[in-house]
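Novice:
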Amino acid sequence: MKLPAPLQTYFDADKAAGTAAPTSAFAPHAVVRDEGRTHVGPDAIAAWWRAAKAQYGHTAEPCEIRQERGLTIVRASVTGRFPGSPALLTFAFRLEDGKIAALEIGA
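The opening residue of the sequence shown carries number 10 in the numbering used here; numbering runs sequentially from there.
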């Protein structure tokens, strides 16, 4: 599956060992919404990434990609230490100037 470059960077980092956040894939003003919380900017996004990786030890494997209302929607199978694993989740990305400007993760 061919993903836009910043999304490929995001999912490659997700599969890598460790908790290094793919902050280079995000715009400086990027916003991430996940589990009812909002994280703005590279420091907050890196902290969210590290905390989620430490808590869930998850990895996401993209299954499908589509464009919808200006968003790039990726459905991914997410496996980790959480009830219902693996789960099929939706990653809704908004890209600007070759970077992730917004990401919302949900069911």
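All C-beta atoms, glycine included, are put in the ideal place defined by N, C-alpha and C. Just so we're clear, the structure is a prediction, and the values are computed from it rather than from any experiment.
(1) Return the first residue and the last residue of the beta strand (DSSP E) that residue 99 is part of.
(2) Considering only the beta carbon of each residue, do residue 21 and residue 31 sit closer than 9 Å?
(3) So, at 7 Å on beta carbons, what are the nonlocal neighbours of residue 90 in its own chain, with the 5 sequence-adjacent residues on each side left out?
(4) Roughly how many angstroms separate the alpha carbons of residue 97 and residue 116, rounded to a whole number?
(5) Give me, in chain order, the residues of the same chain whose beta-carbon lies closer than 6 Å to that of residue 112; leave out the 5 immediate sequence neighbours on both sides.
(6) Which runs of the beta strand (DSSP E) fall wholly inside the stretch 27-68 and span at least 3 residues, in chain order?
(7) Three-state secondary structure (DSSP) at residue 12?
(8) How many Å lie between residue 63 and residue 13 at the Cα?
(9) Apply the 10 Å Cβ neighbour rule to residue 81 and answer buried if 16 or more other Cβ atoms are within range, or exposed otherwise.
(10) In angstroms with no decimal places, state the Cα-to-Cα distance between residue 79 and residue 107.
(11) The beta strand (DSSP E) with residue 111 in it runs from where to where?
Specialist: On the basis of the data shown:
(1) Annotation: the continuous beta strand (DSSP E) that includes residue 99 extends over 96-105.
(2) Yes. Within cutoff.
(3) Contacts found: 65, 66.
(4) Computed Cα separation, rounded: 7 Å.
(5) So the qualifying residues of the chain are 41, 102.
(6) Contiguous beta strand (DSSP E) elements confined to the stretch 27-68 occur at 35-43, 46-49, taking only those with 3 or more residues.
(7) In the three-state scheme derived from DSSP, where H, G and I count as helix and E and B as strand, residue 12 is classed as coil.
(8) If I take the Cα positions, the gap works out to 27 Å.
(9) Under this definition residue 81 is a buried residue.
(10) Linking residue 79 to residue 107 through their CA atoms gives a straight-line distance of about 14 Å.
(11) Start and end: 108-115.
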